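Taking it in order: structure first as structure tokens, then the write-up.
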Amino acid sequence: QKEVEQNSGPLSVPEGAIASLNCTYSDRVSQSFFWYRQYSGKSPELIMSIYSNGDKEDGRFTAQLNKASQYVSLLIRDSQPSDSATYLCAVKSDTGRRALTFGSGTRLQVQP
Amino acid sequence: DTGVSQNPRHKITKRGQNVTFRCDPISEHNRLYWYRQTLGQGPEFLTYFQNEAQLEKSRLLSDRFSAERPKGSFSTLEIQRTEQGDSAMYLCASSPGQTNEKLFFGSGTQLSVL
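These protein sequence lines are chains A and B, in that order. For the first sequence, the working numbering begins at 1 and goes up steadily by one. For the second sequence, the working numbering begins at 1001 and goes up steadily by one.
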């Protein structure tokens, strides 16, 4: 079992719709969770972090965390073609490895 | 430009040659990380430094790989006797450390081993 799992996609949504990206993780002691966006040929850029159960909103982005279910998600409201990218989920444990562990990413396509 | 800087952007080498990459982190960041990424995969952890101390190395990091951060500032990643399987994007990232673990990535070095 991979430490951080994401559906590779592509996830295709029409412009203006809500895109929902999901991630599960295996390490129960994970405490910090991040979403990165990576455009083709570019390096990852941080878009959201979340540390507590519940929702965290930042503009059109909402991160949701459920530690009991070991599940973290990212919602993108009013999706735009410029949101088309690969979204990487990253997890940090407070024990063991101190660096972030990344999933393989979900490719999002927003259709105009 | 105060972001993470990596050089070179691209490196083409022949199998068996040695290559060295450089990373200059954001100046006030204590932690520096090296990751490797291949097409369709997420970044894969290689090693990380807290100031000049190398605190963790991935099991994936064979003895052909070595990294240094001599004065707690820039870092180098050397690959000896390159193999075709080493072809990948090598990403450097830095973070403030302590309670702030947000990583900021450089543009990466794309390595092609022929």
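Each residue gets a CB set at the ideal place from its N, CA and C atoms; glycine is no exception. Nothing here was measured: the structure is a model prediction, and the numbers come from that model.
Residue j beta carbon less than 7 Å from that of residue i
i, j, result
"Thr1082/B", "Thr1020/B", "no"
"Ala19/A", "Leu108/A", "yes"
"Ile50/A", "Lys56/A", "yes"
"Trp1034/B", "Thr1013/B", "no"
"Ser84/A", "Ala17/A", "no"
"Val4/A", "Val91/A", "yes"
"Met1089/B", "Gly1108/B", "yes"
"Gln1080/B", "Arg1064/B", "yes"
"Thr101/A", "Gly9/A", "no"
"Glu1044/B", "Arg1036/B", "yes"
"Ser1094/B", "Leu1032/B", "yes"
"Pro81/A", "Pro44/A", "no"
"Ile172/A", "Arg60/A", "Residue 172/A lies beyond the residue range present for chain A, which begins at 1 and ends at 112; the question has no answer from this structure."
"Leu74/A", "Leu11/A", "no"
"Ser25/A", "Gln64/A", "For the sequence presented, residue 25/A should be read as Tyr rather than Ser. Not in contact: Tyr25/A and Gln64/A (Cβ atoms no closer than 7 Å)."
"Leu1111/B", "Lys1011/B", "yes"
Cβ of residue i within 7 Å of any chain A Cβ
i, result
"Pro1043/B", "yes"
"Leu1091/B", "yes"
"Phe1065/B", "no"
"Ser1107/B", "yes"
"Glu1101/B", "yes"
9 Å Cβ cut-off: residues of chain A touching residue i
i, result
"Phe1021/B", "By Cβ distance, chain A contributes nothing, its closest Cβ being about 14 Å from Phe1021/B, past 9 Å."
"Glu1028/B", "Near Glu1028/B there are no residues of chain A at all, since even the closest Cβ is about 17 Å away, more than 9 Å."
Chain B residues whose Cβ lies nearer than 7 Å to that of residue i
i, result
"Arg37/A", "Chain B residues near Arg37/A: none, gap ~11 Å exceeds 7 Å."
"Leu88/A", "Gly1042"
Minimum Cβ-Cβ distance from residue i to chain B less than 7 Å
i, result
"Ser43/A", "yes"
"Phe102/A", "yes"
"Gly105/A", "yes"
"Leu46/A", "yes"
Contacts of residue i in chain B (Cβ-Cβ under 9 Å)
i, result
"Gly59/A", "Residues of chain B passing the Cβ test: none, with the nearest at roughly 17 Å."
"Ser49/A", "Glu1101 and Lys1102"
"Phe34/A", "Glu1101, Lys1102 and Leu1103"
Partners in chain B for residue i, counting only beta-carbon separations shorter than 8 Å
i, result
"Lys67/A", "What Lys67/A touches in chain B: nothing, since even the nearest Cβ is about 17 Å away."
"Lys92/A", "Glu1101"
Under 8 Å by beta carbon: chain A residues contacting residue i
i, result
"Leu1055/B", "Arg98"
Open item on the list: Extract the residue ranges of the beta strand (DSSP E) inside the region 52 to 101 of chain A, only unbroken runs of 3 or more that lie entirely within it.
Closed with: List check, beta strand (DSSP E) in window: 54 to 58, 61 to 66, 71 to 76 and 85 to 93.
Open item on the list: List, from N- to C-terminal side, the beta strand (DSSP E) runs of 3 residues or more that fit wholly inside the region 1056 to 1109 of chain B.
Closed with: Qualifying beta strand (DSSP E) stretches, in chain order: 1065 to 1068, 1075 to 1079 and 1088 to 1095.
Task: Start-end ranges of the beta strand (DSSP E) lying completely within the region 9 to 56 of chain A, minimum 3 residues - done: The qualifying runs are 11 to 14, 19 to 25, 30 to 38 and 45 to 50.
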